[in-house]
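**Student:**
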Amino acid sequence: MSALTNDRFRIMLEQITDPVSYGALMTMHSDNVVDFKSAQSSYADNSE
Numbered sequence: 001m002s003a004l005t006n007d008r009f010r011i012m013l014e015q016i017t018d019p020v021s022y023g024a025l026m027t028m029h030s031d032n033v034v035d036f037k038s039a040q041s042s043y044a045d046n047s048e
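Counting along the sequence shown from 1, when you hit position 26 you're at 26 in UniProt numbering, and nothing is skipped either side.
1. Rounded to whole angstroms, what's the CA-CA distance from residue 46 to residue 39? Just pull it up for me.
2. When DSSP labels each residue in this structure, what does residue 46 get in the three-state scheme?
3. Along the chain, where does the alpha helix (DSSP H) containing residue 7 start, and where does it finish?
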């Protein structure tokens, strides 16, 4: 019930149901798959 009165949730729903946004989401590809070790290493390098 609280989700129905939550402004941030309402805005998110409006954005994902917008045809332009939906089209952008559908054209995203998962070509950039990164394994956990690479992501962890990259995160460690960037956090120093």
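For every residue, glycine included, the Cβ atom is placed at its ideal position computed from N, Cα and C.
**Tutor:** Once the coordinates are examined:
1. 11 Å
2. helix
3. 7–17
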